[in-house]
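Inspection log for the structure reproduced underneath, given as structure tokens.
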Amino acid sequence: MFEPTQKQLDALANMERYAGIRSHRSHFAQRSEYREYWQRVSRRCDAVTRAREREAADPDPVRTAGERRERRRARAVAAYDDDERLSAWGRAYVRRYQPSRGRLREQLARKCEDAQRCERVFAALAEAIDDGALARAHAQRLQARGRNRSAIRAALVRKRFDRAIIEACLAALADEAGSVLDGEALERRVERLWRRGHSLRALRARLVETGADRPLVDAALDRVVGDDGEADNARRLASTLAARGTAPQLIRRRLYARGFAGPAIAGAMRSLDGRG
Numbered sequence: 001m002f003e004p005t006q007k008q009l010d011a012l013a014n015m016e017r018y019a020g021i022r023s024h025r026s027h028f029a030q031r032s033e034y035r036e037y038w039q040r041v042s043r044r045c046d047a048v049t050r051a052r053e054r055e056a057a058d059p060d061p062v063r064t065a066g067e068r069r070e071r072r073r074a075r076a077v078a079a080y081d082d083d084e085r086l087s088a089w090g091r092a093y094v095r096r097y098q099p100s101r102g103r104l105r106e107q108l109a110r111k112c113e114d115a116q117r118c119e120r121v122f123a124a125l126a127e128a129i130d131d132g133a134l135a136r137a138h139a140q141r142l143q144a145r146g147r148n149r150s151a152i153r154a155a156l157v158r159k160r161f162d163r164a165i166i167e168a169c170l171a172a173l174a175d176e177a178g179s180v181l182d183g184e185a186l187e188r189r190v191e192r193l194w195r196r197g198h199s200l201r202a203l204r205a206r207l208v209e210t211g212a213d214r215p216l217v218d219a220a221l222d223r224v225v226g227d228d229g230e231a232d233n234a235r236r237l238a239s240t241l242a243a244r245g246t247a248p249q250l251i252r253r254r255l256y257a258r259g260f261a262g263p264a265i266a267g268a269m270r271s272l273d274g275r276g
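For the sequence shown, the working numbering assigns the number 276 to the last residue and increments by one with no breaks.
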């Protein structure tokens with residue numbers, strides 16, 4: 001049993017009263033328990049102090065969510081009511097996030113309601129942004145992760161790159177046959193998806209987007225899955241479902257819904273019966 005000194009107990013009682021804690025503690029099993037409780041009460045005291053400081057700075061506090069939103073909006077408008085302050089924020093945003101020009105324009109508009117001021121600041125900051133280089137860098141990172149054409153395009157659209165720049169990036173990434181898939185990255189992605197129990201049919205549906213993608217996907221599947229891989233995946237999934245108490249008929253339906261071929265399903269069901 002750890003016994004704090006009277007001075008420690010008095011200090012702790014004062015802190016508890018300040019934090020609004022009505023039940024005062026004086027007994028602790030060990031020193032670490034006392035130290036942890038002291039820190040917890042101290043944080044409560046700090047929170048009370050901050051709340052009182054906010055109340056003192058704002059003698060007319062708002063109560064509803066709508067009033068709070070309007071108060072925040074008004075403070076934001078006041079914070080960026082001249083070009084220099086908005087420019088300073090924009091420069092910091094560009095340094096931290098490396099945005100596209102479209103994203104920068106969008107974020108400036110969210111910070112300032114004066115459209116003309118936003119356009120002036122945007123025009124000055126956008127000169128230093130090379131959308132083409134940024135889009136290519138993003139696209140190459142996605143390609144290195146095994147993403148296909150539509151996934152890369154969607155990601156660049158979300159980052160607010162211009163459509164013409166996006167299409168130019170995709171054209172630059174594509175091989176002679178027109179596929180943007182990277183063979184090594186695709187194989188790594190197939191390995192990850194295969195370990196999750198996907199069927200060959202499901203993987204082809206997920207990875208093949210154009211006719212040019214099919215030879216690359218089939219080659220990756222041959223290297224990763226091999227001849228018996230689908231049967232092994234089907235057996236593992238069937239065994240997992242059976243261990244959960246799933247009825248055989250439902251197991252068969254689940255395997256079919258996952259896209260497993262008939263022979264793989266039949267082999268998985270035989271393995272559950274002890275015949276496979």
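By construction, the Cβ of each residue, glycine as well, lies at the ideal position given by its N, Cα and C atoms. Treat the numbers as computed from the prediction; the structure is a model and nothing was measured.
Asked: CB contact flag (M269, R252, <8 Å); Found: yes
Asked: Spatially closest choice to A144 from A261, E53 and A185, by CA coordinates; Found: A185
Asked: Cβ neighbour criterion (16 or more within 10 Å) applied to F122; Found: buried
Asked: Boundaries of the alpha helix (DSSP H) in which H138 is found, first to last residue; Found: D131 to A144
Asked: DSSP state of F161 mapped onto helix, strand, coil; Found: coil
Asked: Helix, strand or coil at F28 according to DSSP, with G and I counted as helix; Found: strand
Asked: Distance, R85 Cα to S150 Cα; Found: 39 Å
Asked: Beta-carbon proximity list for S271, same chain, < 6 Å, skipping 5 on both sides; Found: R235
Asked: Three-way DSSP call (helix, strand, coil) for F122 in this model; Found: helix
Asked: Neighbour-count burial assignment, H27, 16 or more Cβ in a 10 Å radius; Found: exposed
Asked: Beta-bridge partners of F260, as assigned by DSSP; Found: DSSP output for F260 lists no bridge partner at all.
Asked: Sequence-distant residues of its chain with Cβ nearer than 6 Å to A212 (five each side left out); Found: A177, G178 and S179
Asked: Alpha-carbon to alpha-carbon, W194 and F260; Found: 12 Å
Asked: Sequence ranges, alpha helix (DSSP H) only - wholly within the stretch 148-233, length at least 4; Found: 149-158, 163-173, 183-195, 200-207 and 214-224
Asked: Straight-line Cα distance separating A13 from E3; Found: 15 Å
Asked: Beta-carbon proximity check, A255 vs L237, cutoff 8 Å; Found: Here residue 255 turns out to be Leu, not Ala, going by the sequence shown. Yes. Within cutoff.
Asked: Integer-rounded CB distance, given that D83 should sit under 8 Å from R120; Found: 6 Å
Asked: Which listed residue (A51, L104 and R141) has its alpha carbon closest to that of A126; Found: L104
Asked: Anticipated Cβ contact below 8 Å, R160 with E113, distance rounded; Found: With 8 Å as the limit, R160 and E113 do not qualify as a contact, their Cβ atoms being about 20 Å apart.
Asked: C-alpha gap between W38 and Q8, whole angstroms; Found: 10 Å
Asked: Assumed close pair I129, V94 - CB separation to whole angstroms, cut-off 8 Å; Found: 7 Å
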